[in-house]
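Q: Here the protein sequences line up with chains A and B, keeping their order.
Using my numbering, the first residue of the first sequence is number 95, and each one after it goes up by one.
Using my numbering, the first residue of the second sequence is number 13, and each one after it goes up by one.
Glycine included, C-beta positions come from ideal geometry on N, C-alpha and C.
Bear in mind the structure is a predicted one, so any value in this text is a computation, not a measurement.
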Amino acid sequence: MRKRIAGGARRSWALGAALVAAAATVARAQGTGNGYLFGQPSATLTIRGGWSHANASSDLFEQTTSEFNVNRSDFSGPTFGGQLGIWISPQLDASLDVAYAGVSRRTHYRNFVDNNNQEIEQTTTLQRVPVTANVRLYLAPRGRSIGTLAFIPARIVPWVGAGAGATWYRFKQTGDFIDMTSGVVSPDSFETSTWGPAVQGMGGVDLTITPRIALTGDARYLWSHAEVSGDFEGYNKIDLSGASFTLGVTFRL
Amino acid sequence: MRVTMNRLVQATRTAAIAVALVSLSAATGAAQQDAGSRWQGWLGCWTGAAPDALMPSAAPLVCITPTSNADVVHVATVQDGKVLATKTIDASGKDQPIDAKDCTGTQRAEWSADARRVYLRAVATCAGTTRTTSGILAMSPTGEWLDVQGIAAGEGENVRVARYHDAGLPENLPSDIKSALEGRSASVQGARVAAGANVGTTAVIEASKKATPAVVEAWLLERGQRFALDAKTLVQLADAGVPARVTDAMVAVTNPQTFAVAHVAPSTQYNRPEDEVTGRRIPVFLAPPPYDPFGWGYAPYGYGYGYNGYGYPYGYGYSGYGYGGYYGYPYFGSTPVIVVPGTGNIPGHGRMVKGQGYQPAVGSAGTGRTAQPRNAPSPSTWGSSRSAGSSSSGTSSSTGSSTSPSSTGGERTAKPRP
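Here is the structure:
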């Protein structure tokens, strides 16, 4: 199981790296002048990575953290994502944003060991993929057009944004579990996975490095809850909300 | 290859400018004696620069001769040894009344601050129609005379460029013209190279104030000179009021790797009806002599930078891999990052039930282990209410039956943590 999760993460990072490379290739192909772009960019592509805090406050997490040696904060972890923004007006973008945050923790029962005094271990995994459509308002002009063929990006541009969409999640536990009616330890795996509505608010700043590339600092908060189903019964909606802080690279296309 | 050629051309220009400056200084004494010395580069006879196939036989010449006034020259249109017409250009910067039948108005010619260009401007009302002429007389980097003129009537402006090259002094020139031009070759050549040397942003700013944007744009595109154009310079230009189409022209010629200034092959454009070509086009025209600096620059062959009545340029354009092509690049879109890690539910497994914890599937096999409470030797019984979590969690595992671990033989069972 660990191998599979690690493989998925590697694929995800490889996909992110491929996106960065592709964006850089497109950006290079378009060329720039000396400190300016050839015309106002019509789109931006941001690849970012950072830390995602998971509130993990619903009863599913409460039971998990009470039975197993895992804390709510353990569901926070690294995140990465991408955003494609389309230039609507000089200070407004519409964007499609996708992020991934996933953690996988080795756990064991807090209060039980097996008859050989060995830990009864599991792997608990939480993956969240919010997909949102956003509007981003730039609090200062993103640059200055000189004629129609030259666009000089502003050095620093703060922005705020909001959006809505859905969050896909997977909560999965794999390992050995105790049948509380018999005390027998059995290997098993449980999973719940579905989509839930999401809204988010965000803010950040773009710092121009080259006419084509900017560093983007980003803080956002996602509100999202989703049904718990599959192998889990009787739980309230899972809390997928949380703040995230990322640093990324924005390519002006 | 292109870079090498550019360097070669640049080096050649630099050397030529140096030679020209030496020539200029050597000729200064004589030139200062001549009236019209500021016109040194223009003195001589010119013929339209065009492919031979497009040149009418016995094409007229435009001969520029000095006068006793340093700012004034005579311009004669000569064909077959005969003067067809003469005009005078007074570049003193003073308004001159227009001397033409049925036309009233004024015209003015003035030197640029560096005395390397002449700006022309005229406002004339002819038969009730008012037209404005804006023009630039300049030298190309290769010593050709560039005559850029724009005529506006109503909302539209039509800009055309004529390029002339030195025709020498033909044998059958009228004697007065010939005598006025003989013996000037060295100083004239030097002056042409100097006048055609690179221009800076100061010259562009000045030109933008003296001529219409379309004329300045055409001049820059025709010169094809690359500028040291960075973001700061662009801002300075814009803040100085340089129009967008002028800065666009500068950006285009400065970045030939991205933009190409399109010169449509004359052979495909010659005498082509204007309405035949869609999109960008460079209409070719045959302007009748004589030369008129405030009318259409006379050239047996010329091409225009036409702008229609709506102001959309279809004259000088940018190639498909330039301006238009830039926006034609595919967006790097439609590829959102969707992470789909592998899945792999185990069939026939149990469930995790709120408040009860793990519920194995019917018939599921254990691991041979049993559980026991941590820090306890062994559970006395399973099936009594037993907390599986911390006291604060409120969750508990309740059982409906009791089963002794020992009854499961070699099964792995749980016990409270010792």
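Would Ser338/A and Thr226/A qualify as a contact pair, given that the criterion is a beta-carbon distance under 8 Å?
A: Cβ distance not < 8 Å, so Ser338/A and Thr226/A don't count as in contact.
Q: What do you reckon, are the CB atoms on Asn267/B and Phe132/A nearer than 8 Å?
A: The answer is yes: Cβ separation under 8 Å.
Q: I believe Ile272/A touches Phe206/A by the beta-carbon criterion, under 8 Å. Please report the beta-carbon distance rounded to the nearest angstrom.
A: Contact holds; Cβ gap of about 6 Å.
Q: Provide the residue(s) that pair with Tyr176/B in DSSP beta bridges, ordered along the chain.
A: DSSP, once it has assigned bridges, lists Gly60/B and Trp157/B as partnering Tyr176/B.
Q: Find the nearest neighbour of Thr89/B within the set Ile101/B, Cys75/B and Asn184/B, judged by alpha-carbon distance.
A: Closest by alpha carbon: Cys75/B.
Q: Counting C-beta neighbours from all protein chains within 10 Å, is the total for Ser280/A 16 or more, i.e. buried, or is it exposed?
A: That one is buried.
Q: Could you name the residues of chain A that Gly250/B contacts, counting a contact when the two beta carbons are closer than 7 Å?
A: Sequence inspection shows Ala at residue 250/B; the Gly mentioned does not correspond to that position. Chain A residues near Ala250/B: Ile240.
Q: Nearest chain B C-beta to Glu327/A closer than 8 Å, yes or no?
A: Answer yes: the Cβ-Cβ gap between Glu327/A and chain B drops below 8 Å somewhere.
Q: Determine the burial state of Pro428/B: buried for a count of at least 16 other Cβ atoms within 10 Å of its Cβ, exposed for fewer.
A: Label assigned to Pro428/B: buried.
Q: Thinking C-alpha only, which one of Ile214/A, Tyr194/A and Arg264/A is nearest Tyr203/A?
A: The candidate whose alpha carbon is nearest that of Tyr203/A is Ile214/A.
Q: Residues bridged to Lys266/A by DSSP?
A: Lys266/A pairs with Thr219/A and Glu285/A.
Q: For Ser152/B, I'd like the list of residues in its chain whose CB is within less than 8 Å of its CB, leaving aside the five on either flank, ordered along the chain.
A: Correct list, in chain order: Leu158, Arg175, Gly208, Glu234 and Arg235.
Q: Using a Cβ cut-off of 7 Å, pull out every chain B residue sitting near Gln267/A, in sequence order please.
A: Those within 7 Å of Gln267/A in chain B are Met364.
Q: Tyr339/B by DSSP, collapsed to three states: which one?
A: Note that Tyr339/B has pLDDT 20, beneath the 50 cutoff, so the model's placement of it is unreliable and the number below is only indicative. Here Tyr339/B sits in helix by DSSP.
Q: For Ser191/B, count neighbouring C-beta atoms within 10 Å of its own C-beta (all shown protein chains included) and say buried if the count is 16 or more, exposed if not.
A: The residue in question, Ser191/B, is exposed, as its Cβ has fewer than 16 Cβ neighbours within 10 Å.
Q: Helix, strand or coil: which one does DSSP assign to Gln237/B?
A: DSSP places Gln237/B in coil when its eight states are reduced to three.
Q: Return helix, strand or coil for Gly151/B, following the three-state DSSP convention.
A: Here the sequence assigns Met to residue 151/B, which means Gly is not the residue at that position. Residue state, collapsed to three classes: strand.
Q: Select from the region 223-257 of chain A all residues with a C-beta closer than 9 Å to any C-beta belonging to chain B, and list them in chain order.
A: For the region 223-257 of chain A, which is checked against every Cβ of chain B, the residues closer than 9 Å are Val223, Val225, Arg238, Ser239, Ile240, Gly241, Thr242, Leu243, Ala244, Ile246 and Pro247.
Q: Ile332/A to Ser318/A, Cα distance in whole Å?
A: Approximately 9 Å between the Cα atoms of the pair.
Q: Taking CB distances under 8 Å as the criterion, tell me whether Val197/A reaches chain B.
A: Not closer than 8 Å to any Cβ of chain B, the Cβ of Val197/A fails to qualify, so no.
Q: Distance cutoff 8 Å, beta carbons only. Does Gln294/A sit that close to anything in chain B?
A: No, no contact with chain B.
Q: Between the Cα of Thr288/A and the Cα atoms of Phe169/A, Tyr263/A, Asn165/A and Asp191/A, which residue gives the shortest distance?
A: Checking every option, the nearest Cα to that of Thr288/A belongs to Tyr263/A.
Q: With a Cβ-Cβ cutoff of 8 Å, do Asn211/A and Thr382/B count as a contact?
A: Not a contact, by the Cβ cut-off of 8 Å.
Q: Find the residues of chain B that neighbour Ile303/A, judging by a C-beta separation of less than 9 Å, and give them in chain order.
A: Here the premise fails: no neighbours, minimum Cβ distance about 14 Å.
Q: If you draw a straight line from the C-alpha of Trp123/B to the C-alpha of Gln91/B, how long is it?
A: The straight-line gap from Cα to Cα measures roughly 29 Å.
Q: Please say whether Val258/B and Ala211/B have beta carbons closer to each other than 8 Å?
A: At residue 211/B the sequence reads Val, which differs from the Ala that was named. It is not a contact, given that the beta carbons lie outside the stated cut-off.
Q: Considering only DSSP beta bridges, list what Glu218/B is partnered with.
A: Bridge partners of Glu218/B: none, in fact.
Q: Can you confirm whether Phe169/A, when its beta carbon is compared against all beta carbons of chain B, has any partner nearer than 8 Å?
A: Not closer than 8 Å to any Cβ of chain B, the Cβ of Phe169/A fails to qualify, so no.
Q: Helix, strand or coil for Phe344/B? Go by DSSP, reduced to three states.
A: Confidence at Phe344/B is low in this model, with a pLDDT of 19, below 50, so the placement of that residue should be treated as unreliable; the coordinate-derived value is given next. Looking at Phe344/B - three-state DSSP - the assignment turns out to be coil, as it is neither helix nor strand.
Q: Tell me which residues share the same chain as Tyr315/A and place their Cβ nearer than 7 Å to its Cβ, disregarding the 5 neighbours each side in the sequence.
A: So the qualifying residues of the chain are Gln294, Gly295 and Ala337.
Q: Using a C-beta cutoff of 8 Å, does Gly323/B count as contacting chain A?
A: Note that Gly323/B scores 26 on pLDDT, short of 50, meaning its location in the model is unreliable; the coordinates nonetheless yield the value given after this. It does not; no Cβ of chain A falls within 8 Å.
Q: With Gly179/A as the anchor, note down where its beta strand (DSSP E) starts and where it stops.
A: First-last of the beta strand (DSSP E) with Gly179/A: Gly171 to Ser183.
Q: Where Leu334/A and Asn149/A are concerned, what is the direct C-alpha to C-alpha distance, given to the nearest angstrom?
A: In a straight line, the C-alpha of Leu334/A is about 7 Å away from that of Asn149/A.
Q: For the region 245-252 of chain B and the region 237-244 of chain A, state whether three or more C-beta atom pairs, one from each stretch, are separated by less than 8 Å.
A: Output reads yes: the region 237-244 of chain A touches the region 245-252 of chain B.
Q: Just verifying my parser: in three-state terms, what is the DSSP assignment at Asp168/A?
A: Reduced to three states, the DSSP call for Asp168/A is helix.
Q: In its own chain, which residues sit with a C-beta less than 6 Å from the C-beta of Ser151/A, not counting the 5 before and 5 after it?
A: Asp333.
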